[in-house]
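Numbering (our numbering), first residue to last: 1082 to 1405. Heads up, the beta-carbon is just placed ideally off N, CA and C, and yes, glycines get one too. One structure is given below, encoded as structure tokens.
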């Protein structure tokens, strides 16, 4: 029997949100963020092997919303729609002019081809679930916000293995990247890509250009490649990589599409891009460990360990001067 003192001292576990949708009805209307949202085709199979449905995906995003929205907030979104699940055709929709409901915030941006586009932002539960209902399995926010659209607030290193790389090699490359960052006093944060690779984020003060950010990414990738020439490549053209792991720094560009932390992925197993502690990035880590069915358990027990990515980043000019 627990004493009263023990009861008081027992930490309160975040119970999280219940499921949003009931398991039977094909179409359901729910009030989300004060707006009526109609969810349809809920039994449509999105992951054929696991028999996971659109309903399963919506329930996951409803539960993970408080954790993922900080990484989407005020960032233009590139919608990647899979209306018939992962084995059907998919398409990108960036311009939502005349399509999105009036309660979704839009960001007008003129592209390099001088086309005016209205990107949607995702600032509340309703915005997120609206996208998921359109068949968006993964969330692709920009690396910059609408406040400083041309100045990224994180630099990305995307570790992209070929089918000839082992996951042990992915881990080795990730840890080497961390070591290089440690040597210049820069903090990086890692997550699984939700596919076969890993993503490393370096928070920046958003006052430098994407070109500067990419320059820094290139420097990191080059250092990693110099230390691990046998297993890594920085060649953009796939055949020139000869089956080596690609250390990709070219995601540091406007409108790049990289899955957000906690995003589901249109991959077998319904995997999720999951933030990790660096000490977890070691032999024995399995990417298929994290799926839309079990991710919430981990998130509720660990909290949002990626949060430092959203706090004040490094001054890129100072770092570039240091390594020049």
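Residue 1402: first and last residue of the uninterrupted beta strand (DSSP E) it sits in:
Unbroken run through residue 1402 is the alpha helix (DSSP H), 1397 to 1404; no beta strand (DSSP E).
Local Cβ density within 10 Å of residue 1161, reported as buried at 16 or more and exposed below that
buried
Per the contact definition of three or more C-beta pairs closer than 8 Å, is the region 1285 to 1292 in contact with the region 1312 to 1325?
no
Is the CB-CB distance between residue 1102 and residue 1139 below 7 Å?
yes
Tell me whether the beta-carbon of residue 1238 lies closer than 7 Å to the beta-carbon of residue 1315.
no
Below 7 Å CB to CB, which residues in the same chain sit around residue 1230 once its five sequence neighbours on both sides are set aside?
1190
Who are the near neighbours of residue 1176 in its chain, counting only those whose CB is closer than 7 Å to its CB and skipping five residues on each side?
1198, 1199
For residue 1273, which of 1391, 1354, 1363 has the nearest alpha-carbon?
1354
What is the DSSP secondary structure of residue 1123, reduced to helix, strand or coil?
coil
Given residue 1260 as reference, the closest of 1309, 1216, 1242, 1233 once Cα atoms are compared:
1309
Tell me whether residue 1406 sits in a helix, a strand or coil according to DSSP, three-state version.
Residue coverage of the chain in this structure runs from 1082 to 1405, which leaves residue 1406 outside it and unanswerable.
Quick check on residue 1293: does DSSP put it in helix, strand or coil?
helix
Taking the DSSP output, what are the residues bridged to residue 1387?
Per DSSP, none; premise fails for residue 1387.
Taking residue 1209 as part of the alpha helix (DSSP H), name the residues at either end of that continuous run.
1206 to 1214
So residue 1073 and residue 1387 are in contact, right, with Cβ under 8 Å, and what is the actual spacing, rounded?
This structure gives no information on residue 1073, because the portion of the chain shown stretches from 1082 to 1405.
Kindly confirm or deny that the region 1203 to 1218 and the region 1116 to 1131 touch, where touching means at least three C-beta pairs closer than 8 Å.
yes
Counting only runs of 4+ residues fully inside the region 1316 to 1391, write out the alpha helix (DSSP H) ranges in chain order.
1376 to 1383
Starting from residue 1173, trace the alpha helix (DSSP H) both ways and give me its first and last residue.
Careful: residue 1173 lies outside any alpha helix (DSSP H), inside the beta strand (DSSP E) at 1172 to 1174.
Excluding the 5 residues preceding and the 5 following residue 1277 in the sequence, name in chain order all residues of the same chain whose CB lies nearer than 6 Å to its CB.
1242
According to the neighbour-count rule (16 or more other Cβ atoms, all chains shown, within 10 Å of its Cβ), is residue 1264 buried or exposed?
exposed
Measure how close the beta-carbons of residue 1326 and residue 1246 come, nearest whole angstrom, since I'm counting them as under 8 Å.
5 Å
Using a 10 Å radius around the Cβ and a threshold of 16 neighbouring Cβ atoms, would you call residue 1170 buried or exposed?
exposed
For a minimum of 4 consecutive residues, which ranges assigned as the alpha helix (DSSP H) are wholly contained in the region 1106 to 1157?
1135 to 1153
In angstroms, rounded to a whole number, what distance separates the CA positions of residue 1378 and residue 1324?
36 Å
If you draw a straight line from the alpha carbon of residue 1271 to that of residue 1279, how long is it in whole angstroms?
7 Å
Provide the residue span of the alpha helix (DSSP H) that contains residue 1252, from first to last.
1248 to 1264
Residue 1282 to residue 1227, Cα distance in whole Å?
19 Å
Rounded separation between residue 1146 and residue 1221 - CA only:
15 Å
Residue 1398: which of 1244, 1297, 1370 sits nearest, CA to CA?
1297
Just to confirm the assignment, what range does the beta strand (DSSP E) spanning residue 1280 have?
1279 to 1284
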